[in-house]
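Worksheet for the structure shown next.
Residue numbers (UniProt numbering): 1 to 457.
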């Protein structure tokens, strides 16, 4: 493409560029896909049909995978204006508005799609196919109409198993929809079994690095915690956090919510050792680097997330233990301090500018910074803190003498996580909008101007 004298002005080069963008989309290389759509936009829109429809359709898919559904909706509305009525366009619009929580509007589009392609029985009743059962069932689930949602989702899954049993990704998404519905209904044990099937299918078909796999781990984690299986829940939570932290489409909301489960729903220190939270250290650092690279570390959303990240590290970094344990705890405390120092002005600015009242987050930051000072002081003095084993009582007379452990060598804390120079704060709503369902595979290329459908749940 780079060697062609006309570049993207040549139709064959433009077509290859769009094909390459779809390959990037399918493999969740979203930054590369975004770059291609940016440089092909002018040529596609100026050429008219089918180029403009192809660009709007595929770029809308990209925006949804980037958790930017509000930008995807007008692109799909443009597709609807430029093409004859098509069930795929209607379903895509319904999916986007469902994710934007405009569930009534979503149902209008899903009903229209069903009317367009559906058949009627002898009594004139519309027969819904598996796609329509799934879509409308999700609307009812999101509106908490579980008595209507669960039978429709169950029926969609049954039809899919009968008609497309080899479609692992679609089946995994359906298991995910059914399992999350069961979990919200309070049928937690059933939900765990169904969501485990979704996770296993993703593992088998697309691997453990896919965002879809991470979303499956997230939902399974919630169901396990709700079922009282807290250690398994934490294991899946950490797996989900790690996958999400490394995505091109990293977003503060799912990370924030996962940390909320770890800190507020799992009974740390009662059923799960607080030291388990140290397993989040590396994923947290990866998320911080990724957010900084994408400019997502300069608003109140980042501030509330960094506070939760720091809180998790503070809880598992008390003084005590071997020299290696002391050194690791000191490094976590330094990372936590850096996160809190970065978060404090962002949270204060969000409150001051009227974006959200985050005074309670500012109080938490101050409390956690003081806790870090106390932990550092205890480490210097060699004092045990809460959660540590107290010093043993003297052995009775005549008992064998046990030599005390060697003194802990104080090691300097690890260097802080590097920070960029302060940038202008982005006025974003705080907290971030609720997490969206996992993105779906990219649609097939446009045929005769008619868009192909999504399977985005």
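Every residue, glycine too, gets a C-beta built ideally from N, C-alpha and C.
C-beta contact flag for residue 307 and residue 355 at 8 Å: Residue 355 sits away from residue 307, with the two beta carbons spaced by 8 Å or more.
Close-in-space but distant-in-sequence residues of the same chain around residue 79 (CB under 7 Å, 5 per side omitted): If we look at residue 79 and ignore the five residues flanking it on each side, its Cβ neighbours are 53, 56, 57, 89, 451.
Continuous alpha helix (DSSP H) stretch holding residue 334: start and end: Where residue 334 is concerned, the enclosing alpha helix (DSSP H) stretches over 323-352.
Secondary structure of residue 126, DSSP reduced to three states: Here residue 126 sits in strand by DSSP.
Residue interval of the alpha helix (DSSP H) (run including residue 230): For residue 230, the enclosing alpha helix (DSSP H) begins and ends at 230-245.
Given 8 Å, three or more beta-carbon pairs between the region 233-244 and the region 272-290: Cβ pair count under 8 Å is three or more, so yes.
Residue 6 in three-state terms, based on DSSP: In the structure shown, residue 6 sits in coil (DSSP, three-state: anything other than H, G, I, E or B).
Residue 206 beta carbon less than 8 Å from that of residue 178: In this structure, residue 178 lies away from residue 206, with their beta-carbon atoms at least 8 Å apart.
Cα-Cα separation between residue 93 and residue 22, rounded to whole angstroms: Spanning the alpha carbons of residue 93 and residue 22 requires a straight line of approximately 20 Å.
DSSP-derived helix/strand/coil call for residue 271: In the structure shown, residue 271 sits in coil (DSSP, three-state: anything other than H, G, I, E or B).
Residue 209 (DSSP reduced to helix, strand or coil): In the structure shown, residue 209 falls within a coil segment according to DSSP collapsed to helix, strand and coil.
Burial state of residue 360, where buried means 16 or more other Cβ atoms lie within 10 Å: Residue 360 is exposed by the Cβ-count criterion.
Cross-strand partners of residue 120 (DSSP beta bridge): According to DSSP, which records beta bridges pairwise, residue 120 is partnered with 126.
Selection from 175, 377, 127, 221 that minimises the alpha carbon distance to residue 202: Residue 202 has its Cα closest to that of 175, out of 175, 377, 127, 221.
Per-residue DSSP class, three states only, for residue 415: The predicted model places residue 415 with a pLDDT of 38, which falls under 50 and marks its position as unreliable, so this point remains unresolved.
Sufficient close CB pairs (3 or more, under 8 Å) joining the region 225-240 to the region 249-269: Yes, since at least three Cβ pairs between the region 225-240 and the region 249-269 fall closer than 8 Å, the two stretches touch.
Classification of residue 39 by the beta-carbon crowding that lies within 10 angstroms, buried from 16 upward: Per the 10 Å Cβ criterion, exposed.
Assigned exposure category for residue 365 - 16 Cβ within 10 Å defines buried: Buried.
Residue 79 - containing alpha helix (DSSP H), residue span: Under the DSSP assignment, residue 79 falls in the alpha helix (DSSP H) whose first and last residues are 69-82.
Residue 67 versus residue 382: straight-line alpha-carbon distance, rounded: Rounded to whole angstroms, the separation of the alpha carbons of residue 382 and residue 67 is 47 Å.
Start-to-end residues for the alpha helix (DSSP H) that takes in residue 19: Unbroken alpha helix (DSSP H) run through residue 19: 11-26.
DSSP state of residue 377 mapped onto helix, strand, coil: Of the three classes helix, strand and coil, the one that applies to residue 377 here is helix, per DSSP.
8 Å contact criterion, which residue 192 and residue 237 should meet: CB distance rounded: Contact check for residue 192 and residue 237: beta-carbon distance about 14 Å, past the 8 Å limit, so the pair fails to qualify.
CB contact flag (residue 142, residue 98, <8 Å): Closer than 8 Å, so yes.
Buried versus exposed call for residue 9 [16 or more other C-beta atoms within 10 Å across all chains shown]: Taking every protein chain shown into account, the CB of residue 9 has fewer than 16 other CB atoms within 10 angstroms, so this residue is exposed.
C-alpha gap between residue 215 and residue 6, whole angstroms: The straight-line gap from Cα to Cα measures roughly 42 Å.
For residue 343 and residue 320, the rounded distance between their alpha carbons: Near 28 Å, if we compare the C-alpha coordinates of residue 343 and residue 320.
Candidates 81, 353, 87, 377: closest to residue 318 by CA position: Put simply, of 81, 353, 87, 377 the residue whose alpha carbon is nearest the alpha carbon of residue 318 is 377.
Counted within 10 angstroms of its Cβ, other Cβ atoms place residue 17 as buried (16 or more) or exposed: Looking at its Cβ environment, which holds 16 or more other Cβ atoms inside 10 Å, residue 17 is buried.
Other residues of its chain near residue 63: CB distance less than 6 Å, five sequence neighbours each side excluded: In its chain, beyond the 5 residues on either side, 71, 72 have a beta carbon closer than 6 Å to the beta carbon of residue 63.
Distance between residue 249 and residue 15 (C-alpha atoms, nearest Å): CA-to-CA, the gap between residue 15 and residue 249 works out to about 25 Å.
Same chain only: Cβ atoms within 8 Å of residue 184, ignoring 5 sequence neighbours per side: 141, 144, 146, listed in sequence order.
8 Å Cβ cutoff met for residue 259 and residue 220: Cβ distance not < 8 Å, so residue 259 and residue 220 don't count as in contact.
Residues near residue 115 by beta carbon distance below 8 Å, same chain, minus five either side: Contacts found: 126.
Simplified DSSP assignment, three categories, for residue 317: It is coil, neither helix nor strand.
Beta-carbon proximity list for residue 153, same chain, < 6 Å, skipping 5 on both sides: So the qualifying residues of the chain are 137, 177, 178, 181.
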